[in-house]
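Below: the structure, in structure tokens.
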Amino acid sequence: MPTATIGKPQLLAMGAPTLVVFDAATRGTATVTGPDQTITQPAASASASASASRARASTAATITLTVGSASGSIPLTASDLVCRDETGAVIPLTAVGPASATAPAGGTAQLVVSGIFTTGAAQVTWQPSGHPLALWDFNIELD
Numbered sequence: 000m001p002t003a004t005i006g007k008p009q010l011l012a013m014g015a016p017t018l019v020v021f022d023a024a025t026r027g028t029a030t031v032t033g034p035d036q037t038i039t040q041p042a043a044s045a046s047a048s049a050s051a052s053r054a055r056a057s058t059a060a061t062i063t064l065t066v067g068s069a070s071g072s073i074p075l076t077a078s079d080l081v082c083r084d085e086t087g088a089v090i091p092l093t094a095v096g097p098a099s100a101t102a103p104a105g106g107t108a109q110l111v112v113s114g115i116f117t118t119g120a121a122q123v124t125w126q127p128s129g130h131p132l133a134l135w136d137f138n139i140e141l142d
């Protein structure tokens, strides 16, 4: 399993786990899963205006960050998850349920966020305290 540290983040496929090392006393594993699609909106019809016809199909979906702590406690906050589409545009994420959680030593914690995604590639980055630790790539296909 790859190891992610502040300053040496890991690029992973969605669902792939990584060891995370914050310091000598705090380490664990992290996995991001999803996106789990909830609602799909069709693309604009050909009869729509020119600007609206450029709109792509979209879907509401959730992404789940699961962290297990081997040592030390690992805090999770929704604001530490940043999602971008293939153009680099930020995809706003909002917490589903609690906006924060803590994985205690020997325990696990989950954080669920939701966003609106369009067809194409995207990535979600876990960046505790603003420092990228791990990036998970994924694709949205709305056929």
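If you read the sequence shown in numbering that gives the first Met the number 0, its first letter stands for residue 0, the second for the next number, and so on. Using N, Cα and C, we set each Cβ at its ideal position, and we do this for glycine too.
message: Quick check on A104: does DSSP put it in helix, strand or coil?
response: Within the sequence shown, the letter at position 105 stands for residue 104. A104: coil per DSSP, three-state reduction.
message: Need the endpoints of the beta strand (DSSP E) that T17 sits in, please.
response: Counting from 1 along the sequence shown, the entry for residue 17 is found at position 18. T17 -> beta strand (DSSP E) spans 17 to 22.
- request: For A3, collect the residues of the same chain with a Cβ closer than 6 Å to its Cβ; drop the 5 residues on either side in sequence, then sort them by chain order.
  value: Numbered from 1 along the sequence shown, position 4 holds the residue referred to as residue 3. Once the five neighbours on either side are set aside, the close Cβ partners of A3 are Q9, T17, V19, L132, A133.
Close beta carbons around D136, own chain, < 8 Å, minus the five adjacent residues each side: Along the sequence shown, read from residue 1 onward, the residue named residue 136 stands at position 137. The answer, listed in chain order, is L10, L11, A12, M13, A120, A121, Q122.
- prompt: Are G33 and T63 close, meaning C-beta to C-beta below 8 Å?
  reply: Taking the first residue of the sequence shown as position 1, residue 33 is located at position 34. Taking the first residue of the sequence shown as position 1, residue 63 is located at position 64. Yes, they are a contact pair.
query: Would V89 be called buried (16 or more neighbouring beta carbons within 10 Å of its own) or exposed?
result: Locating residue 89 in the sequence shown gives position 90, counting from the first residue. Result: exposed.
task: Using the DSSP secondary-structure output, state which residues sit across from D84 in a beta bridge.
output: For the purposes of this step, residue 84 is taken as the residue at position 85 of the sequence shown. BP columns for D84 point to A121.
- prompt: Using CA coordinates, which residue listed in G67, T37, W125, P74 is at the minimum distance from F116?
  reply: By one-based count along the sequence shown, residue 116 stands at place 117. Here the closest residue by C-alpha is T37.
message: Can you tell me whether P1 is helix, strand or coil according to DSSP?
response: Counting from 1 along the sequence shown, the entry for residue 1 is found at position 2. If DSSP states are grouped into helix, strand and coil, P1 belongs with coil.
message: Taking its Cβ as the centre, do 16 or more other Cβ atoms sit within 10 Å of A23, making it buried, or is it exposed?
response: Translated into positions along the sequence shown, residue 23 becomes position 24. Counting Cβ neighbours within 10 Å, A23 comes out exposed, since fewer than 16 surround it.
- request: Report yes if the CB atom of S68 is closer than 8 Å to the CB atom of P97, and no otherwise.
  value: Taking the first residue of the sequence shown as position 1, residue 68 is located at position 69. Taking the first residue of the sequence shown as position 1, residue 97 is located at position 98. Against a cut-off of 8 Å, the Cβ pair of P97 and S68 comes out as no contact.
query: Hey, quick one: how far does the beta strand (DSSP E) through D136 stretch, first residue to last?
result: On the sequence shown, position 137 is the one that residue 136 refers to. From DSSP, the beta strand (DSSP E) with D136 extends over 133 to 139.
message: Taking the beta carbon of G87 as the centre, do at least 16 other beta carbons fall within 10 Å, making it buried, or is it exposed?
response: Taking the sequence shown and counting its residues from 1, the one referred to as residue 87 is at position 88. Exposed, since its Cβ has fewer than 16 Cβ neighbours within 10 Å.
task: For S113, name the three-state secondary structure that DSSP assigns.
output: Position 114 of the sequence shown, counted from the first residue, corresponds to residue 113. Correct three-state label for S113: strand.
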